[in-house]
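Numbering (my numbering), first residue to last: 601 to 865.
Ideal Cβ positions, reconstructed from N, Cα and C, are used throughout, including at glycine.
To start, the structure itself, in structure tokens.
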Amino acid sequence: MGQEDRPILVLDSGVGGLTVLREVRFKLPFERLVYVLDDAGFPYGGWEEGPLTDRLIALVGKQIDAHDPKAILIACNTAFTLAGEALRKAFPDRTFVGTVPAIKPAAERTRSGLVSVLATPGTVRRAYTRDLIANYAQHCHVRLVGSDRLAEMTEAHLRGETVSEAELKAETSACFLEESDGRRTDVVVLACTHYPFLTNRFREVAPWPVDWLDPAEAIARQLSRVVTNRSLGPSALPDIAVFTSGQAEPAARRLMAGFGLSVPG
């Protein structure tokens, strides 16, 4: 494989990483992309830490052997906050870019000092997340809100299934805090790459307007900084989506095609 055809690998448990892949295309328009959708392991939020780390190391190793990527983007907060360090140790010759909760920019942006982080339960539990708060948001009241269902609701939404307002309110209402002095939550960090697909729905059910902070553009910008061996023109090979289950339903194939990805086989 020529240098110009070595891809950037983007990995997530489901379709959430597409929100980041979309931004990567803007920043690095000539790079070939391989999107690895670990649908056989979805959702990551309910996994125990040890088995999920082992799964991610094995999966990334398999994809390195198959595609020899020039960079690996872990487009999943749950995966990277857990296994980012282990992946770098397992593959020290590879360039990794991760996805972590955008707590630092939220702390810089808030006026009220009340910030919520909407995430999977796995991301909420991570020491990594609490370290981000301690390092960058000591002057804020940061509320961690773990949703068991939103990632799966996002996938259902993208399949054209109905997701009700009541369901969305149940998963997001804890993000909104109002203090006795009149201060209200004004920034909600979307700490799962699935969630930006539902931002317009979140706005509809929110009790007041907030800044829904999507880190996808910042992640793509970081990737563009570390990819030094850039392609100078379009690759002769297509951008592809790899389903770890080996099965892609017609609706999933159509969704991938909408993001410019073909599904081999």
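Taking Cβ positions, are E692 and P815 nearer each other than 9 Å? In the sequence under discussion, the amino acid at residue 692 is Pro, which differs from the Glu named in the question. Not a contact, by the Cβ cut-off of 9 Å.
Throw me the rounded Cβ distance for the L618 and V636 pair, which I believe falls under 8 Å. 12 Å between Cβ atoms; not a contact.
Would a C-beta distance cut-off of 9 Å place G641 and G722 closer than the cut-off? No.
Proximity of G614 and D639 at Cβ, strictly below 9 Å: Less than 9 Å separates the beta-carbon of G614 from that of D639.
Straight-line CA distance for P607 to K670? Looking at the two C-alpha atoms, the distance is approximately 6 Å.
For V742 and N735, the rounded distance between their alpha carbons: Near 12 Å, if we compare the C-alpha coordinates of V742 and N735.
Distance, Cα to Cα, M601 vs G661? Note that M601 scores a pLDDT of 48, beneath 50, so its modelled location is shaky and nothing firm can be said.
Nearest-angstrom Cα separation, counted from R726 out to L682: Straight-line spacing of the CA atoms in L682 and R726 works out to 7 Å.
Work out the CA separation of P796 and L718 for me, nearest whole Å. Cα to Cα, the separation comes out at about 11 Å.
Keeping to the same chain, check which residues put their C-beta closer than 7 Å to that of R749; ignore five residues upstream and five downstream. Shown here for R749: same chain residues with a beta carbon closer than 7 Å to its own, the five before and five after excluded, namely E771 in chain order.
Taking the C-alpha atoms as reference points, what is the distance between G865 and D839? Each residue's alpha carbon lies about 14 Å from the other.
If you follow the beta strand (DSSP E) that G698 is part of, which residue opens it and which one closes it? DSSP places G698 inside the beta strand (DSSP E), whose first and last residues are F696 to G698.
The alpha helix (DSSP H) that contains H667, what's its start and end? Taken as a continuous stretch (DSSP letters only), the alpha helix (DSSP H) holding H667 covers E649 to H667.
Please state if the CB of A820 and the CB of E623 are separated by a distance shorter than 9 Å. Taking C-beta atoms as the reference points, E623 and A820 count as a pair closer than 9 Å.
Whose C-beta lies closer than 7 Å to the C-beta of P834 among residues of the same chain, with five residues either side of it excluded? F630, listed in sequence order.
Quick one: give me the first and last residue of the beta strand (DSSP E) that D612 is part of. For D612, the uninterrupted beta strand (DSSP E) segment begins and ends at I608 to D612.
Supposed contact pair S764 and T720 - C-beta distance, whole angstroms, cut 8 Å: No, T720 and S764 are not in contact; Cβ-Cβ is about 21 Å, not under 8 Å.
R784 - partner residues in DSSP beta bridges: Within the DSSP bridge table, the entry for R784 names E778 as partners.
I'd like the ranges of any beta strand (DSSP E) spanning at least 3 consecutive residues and lying wholly in the region 681-767. Correct list: 696-698, 714-719 and 741-746.
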